[in-house]
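Below is one structure, written out as structure tokens; the observations come after it.
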Amino acid sequence: EAVVAQQEHVAVVEVFGPIISGAPASSEQIVPSLQTAFAEDYARAIVLDINSPGGSPVQAGIIYDELDRLKALYPNKKVYAVITDIGASGAYYIAAAADYIYADKASMVGSIGVIGSSFGFTELMDKVGVERRSYTAGDNKDFLDPFQAEKPDQKAAFENMLERVHQQFVTAVKTGRGERLDDNPKLFSGAIWDGEEAAKLGLIDGLGSIYSVTREEIGIIDLEVYQPSKTPLQKLLDEVGAQASVHWQSWLQTPRMQ
Numbered sequence: 002e003a004v005v006a007q008q009e010h011v012a013v014v015e016v017f018g019p020i021i022s023g024a025p026a027s028s029e030q031i032v033p034s035l036q037t038a039f040a041e042d043y044a045r046a047i048v049l050d051i052n053s054p055g056g057s058p059v060q061a062g063i064i065y066d067e068l069d070r071l072k073a074l075y076p077n078k079k080v081y082a083v084i085t086d087i088g089a090s091g092a093y094y095i096a097a098a099a100d101y102i103y104a105d106k107a108s109m110v111g112s113i114g115v116i117g118s119s120f121g122f123t124e125l126m127d128k129v130g131v132e133r134r135s136y137t138a139g140d141n142k143d144f145l146d147p148f149q150a151e152k153p154d155q156k157a158a159f160e161n162m163l164e165r166v167h168q169q170f171v172t173a174v175k176t177g178r179g180e181r182l183d184d185n186p187k188l189f190s191g192a193i194w195d196g197e198e199a200a201k202l203g204l205i206d207g208l209g210s211i212y213s214v215t216r217e218e219i220g221i222i223d224l225e226v227y228q229p230s231k232t233p234l235q236k237l238l239d240e241v242g243a244q245a246s247v248h249w250q251s252w253l254q255t256p257r258m259q
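Here it is in structure tokens:
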């Protein structure tokens, strides 16, 4: 664990970049930082410093649930989510667990939706004379195989799964934001708004930066970033793993909040 200042401060936990396993913005990295920050007596409040387009609903859900647990365990420590350039989709999922959310007037906020995508290569294969040979045990082992014609039953099953994940996202946002949310029918459509509009819709509590929020809302200007300590080799491996994970997840049609 990182060494923290032995004086009153605001604990900052960064949520930067795509939210995927093995990346800096993953549950493996963020959850230990949150646990340390909540347990630290000198940390008077927690700030989630968010600049992320989203990512894995699993990773976002794990972080959201851990925030809920820690807030119940340390009820006197408030959590502030501060969005800089973008806090969308899975990043907003995480922010919804905070007691208060702030963003810049030009920040991109929202995108409460889920997407899964793939490609189809069957016509291209016919043109170049390539034959696909697939051998499986199990009717759905070739689920959404891009080298075969799309199967209606598999398409319907995948869309149903996306809808269930979307409802989990919606429930998390409603639980976190409560009556602050507007009843705009587009709120959970996947639409994205700037900070000014997000404030009107109740997606955020106000406009501000990490500096104005800590100064005016918390009353403490000393900031300490909490993150697990790593060797140079670990940092290099994490970076390589994160890049590989991005390509691998896109290939497997993994549902993404982005």
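Its first residue numbered 2, the sequence shown is counted upward by one per residue in this note's numbering. Backbone N, C-alpha and C define an ideal beta-carbon position, used for all residues, glycine too. Quick caveat: nothing in here was measured; it's all calculated off a predicted structure.
Counting only the same chain and skipping the five closest in sequence on each side, list residues whose C-beta sits under 8 Å from that of residue i.
i	result
W252	Note that W252 scores 43 on pLDDT, short of 50, meaning its location in the model is unreliable and no value can be drawn from it.
Note down the Cα distance separating residue i from residue j, rounded to an integer number of angstroms.
i	j	result
V214	Q7	22 Å
G18	D140	37 Å
I219	E41	17 Å
E2	P33	Because E2 carries a pLDDT of 48, less than 50, the predicted location of this residue cannot be relied on, and the following value inherits that uncertainty. One C-alpha to the other measures close to 8 Å.
K106	D195	6 Å
I51	V11	15 Å
W249	V59	Because W249 carries a pLDDT of 47, less than 50, the predicted location of this residue cannot be relied on, and no value is offered for it.
I63	R70	11 Å
S27	D154	33 Å
A138	A158	19 Å
E160	I21	21 Å
Y75	Y212	24 Å
Q36	H167	27 Å
L125	R45	60 Å
K175	P147	36 Å
L202	A82	17 Å
K78	I47	7 Å
I222	L163	42 Å
Which residue marks the beginning of the beta strand (DSSP E) containing residue i, and which one marks its end?
i	result
S28	Per DSSP, S28 belongs to no beta strand (DSSP E); it is in the alpha helix (DSSP H), 28-40.
R181	That residue, R181, is in no beta strand (DSSP E); it is neither H nor E in DSSP.
D195	193-195
G111	109-111
I102	101-104
Within its chain, find whatever has a CB closer than 6 Å to the CB of residue i; leave out the 5 residues flanking it on each side and keep chain order.
i	result
V171	F189
P229	P33
Y101	Y81, D206
Name, in chain order, the residues that DSSP records as bridge partners for residue i.
i	result
S53	G88
E225	A12
G117	For G117, which the question treats as bridged, DSSP gives no partner whatsoever.
Q208	Note that residue 208 is Leu in the sequence shown, not Gln. Per DSSP, A104.
V80	I47
Leaving out the 5 sequence neighbours to the left and right, which residues in its chain are closer than 7 Å to residue i when beta-carbon positions are compared?
i	result
G207	Y103, A200
G111	A89, Y93, A192, I193, W194, A199, L204
Locate the alpha helix (DSSP H) running through residue i, then write down its first and last residues.
i	result
I20	Where I20 is concerned, there is no enclosing alpha helix (DSSP H), given that its DSSP letter is neither H nor E.
D69	58-74
Please check the pair residue i and residue j, which I expect to be a contact at CB under 8 Å, by giving their CB distance rounded to whole angstroms.
i	j	result
L224	V13	5 Å
Y65	A98	5 Å
S53	I87	7 Å
I84	A96	7 Å
G114	G91	Contact doesn't hold; Cβ gap of about 10 Å is too wide.
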